[in-house]
Amino acid sequence: MFAHERPPIERAALQLSGVMRRLVPSLLGALAATTIASAAGAPVSLREVRQSLFGTCFPTERDGWMVGELGRIFHTGDGGTTWERQDAGTKRPFLAIACLDARTAWIAGKEGIVYGTTDGGASWIPATTGSTRHVFGLAFANPERGHGVGDYGTMIHTEDAGRHWTVSQVPPDVVLPESALDTGVDPGDVNLYAASYGDPDHLWVAGEFGTIMASDDGGRTFHQQHAPIESTLFGIYFADARRGWAVGIDAVILHTEDGGATWQMQAPPVRQQSFYDVFVRAPYGWIVGSAGTVLRSTDGGATWTAEPVPIELAANWIRSVWIAPGGHGFAVGAEGLVFGIDGAALRRLQGTGPTRAL
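For the record, in the sequence shown the residue sitting at position 221 is 220 according to numbering that gives the first Met the number 0, with numbers rising by one throughout.
This is the structure in structure tokens:
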């Protein structure tokens, strides 16, 4: 693992957009009739989607979004049977999404862009946050309180439904491992990649060098938690104020049952991959990552098994996974790769090679 390294999903978006500001090493690492719109209101086959997708969110069994390159926003109101393309008026990539219900969602991405909707995506309203740092992770606890994380330790926070945002940095008293100090990185340089609310008052963020920080006041202030690793963490998810998971490179899976007071390593079923996102809705849980990696749990995230990966997916990453309350959801990734999830069942709907069940 090289220090200060972007995951390929973020690198892909920023490189394609011509905004990479620093050189980073490479990180090696059934709905057959589903349709999606090529322009607002014009359905076409999901097979035609080739843009990489970086985020997905399903607040209900029927309503959800996928976002990605070129400002793409895709929305469904029928559980993914049909989709429509929505327009926020930008070509900059969206790297993160947070949704609260069928009408309320927020998306964020390159150069600090943030947009919100309260009408199911019929209109997306830009927000002024005061930051131009890329936003890689986004979470909302309720319609008023939200938090984004991204480049160089930048955090943005709102308490009034996005009308006003405050910008802050990783606190200077965060202790970094020697691997960070040896490269001259200080806390203000640490990229943050993920955020998750356990409840409206309890928020966690995660990023480079095993950094995990927790807030007990909804995101106004943070304190560091100890993680037993130094690897970059790309995903974090809390089911409530006590039970959480964090995942990252080197096949890292961390789990806590006490709100992060202690974090324990979980045994990964694969050793050579990087994990980019995690979502647990008991009894099922899902982890996605590099080389088409998909892990599944049937015991509420206590243990994990690897899903078989078709050979044609070995070069494709999966960035985001989300499960609605009833167990239906989606996972999305490189070059329009889309999976449908129904309980413990996973089915590839779109991506490299012919559509097939896994």
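Positions of the beta carbon are idealized from the N, C-alpha and C atoms, including for glycine.
Proximal residues to residue i (C-beta, below 6 Å), its chain only, five neighbours per side dropped
i	result
VAL246	GLY234, ILE252, PHE274, VAL277 and ILE286
ILE106	VAL66, PHE93, ILE96 and TYR114
GLY147	ALA107, VAL134, LEU137 and ILE155
GLY218	HIS146, HIS156 and LEU202
CB-CB length for residue i against residue j, believed under 8 Å
i	j	result
VAL320	LEU52	The pair is not a contact, with the Cβ atoms about 11 Å apart (cut-off 8 Å).
ILE155	VAL166	6 Å
VAL184	ALA194	No, VAL184 and ALA194 are not in contact; Cβ-Cβ is about 20 Å, not under 8 Å.
PRO199	ALA140	4 Å
LEU294	ALA281	At roughly 16 Å, the Cβ-Cβ gap does not stay under 8 Å, so LEU294 and ALA281 are not in contact.
VAL117	ARG102	The residue you asked about is not Val; residue 117 is Thr in the sequence shown. Contact flag correct, Cβ pair sits at about 6 Å.
LEU175	PHE208	5 Å
GLY259	ALA213	5 Å
ALA250	GLN265	Contact doesn't hold; Cβ gap of about 10 Å is too wide.
LEU232	GLY206	6 Å
TRP244	GLY328	So it is not a contact: roughly 16 Å between Cβ atoms.
Limits of the unbroken beta strand (DSSP E) element including residue i
i	result
ALA193	191–198
ALA95	93–98
HIS163	Here HIS163 belongs to no beta strand (DSSP E), and DSSP marks it neither H nor E.
SER296	293–296
ASP172	Unbroken run through ASP172: none, as it is neither H nor E.
GLN223	222–224
HIS133	Neither: HIS133 is in no beta strand (DSSP E) and is coded neither H nor E.
VAL277	274–280
ARG144	Segment: none, ARG144 is in no beta strand (DSSP E) and carries neither H nor E.
SER319	317–322
Buried versus exposed, by CB contacts within 10 Å (16 or more), residue i
i	result
ALA138	buried
LYS90	exposed
GLU68	buried
THR298	A quick correction: the sequence has Asp, not Thr, at residue 298. ASP298 is exposed by the Cβ-count criterion.
ASP181	exposed
PRO125	exposed
ASP188	buried
HIS225	exposed
ARG270	exposed
HIS163	exposed
ALA313	exposed
Paired residues, beta bridge with residue i - DSSP
i	result
LEU202	TYR196 and SER214
ALA245	ILE235 and LEU253
ILE310	Partner(s): none; ILE310 has no beta bridge.
GLN85	ILE72
TYR114	ILE106 and PRO125
VAL48	BP columns for VAL48 are empty, so no partner.
Where the alpha helix (DSSP H) through residue i begins and ends
i	result
GLU177	177–180
Cut-off 7 Å between Cβ atoms - residues of its own chain near residue i, not counting five sequence neighbours on either side
i	result
GLY342	TYR283 and GLY326
SER130	GLY111, THR153, ILE155 and VAL166
8 Å Cβ shell around residue i - same chain, five flanking residues per side excluded
i	result
LEU99	PRO58, PHE139, ASN141 and PRO142
LEU27	For LEU27, the predicted model reports a pLDDT of 25, less than 50, meaning its position is unreliable; a value from the coordinates is still stated below. Cβ neighbours of LEU27 beyond the five flanking positions: SER289.
LEU22	For LEU22, the predicted structure reports a pLDDT of 24, less than 50, and the residue's modelled location is therefore unreliable. The matter cannot be settled from this model.
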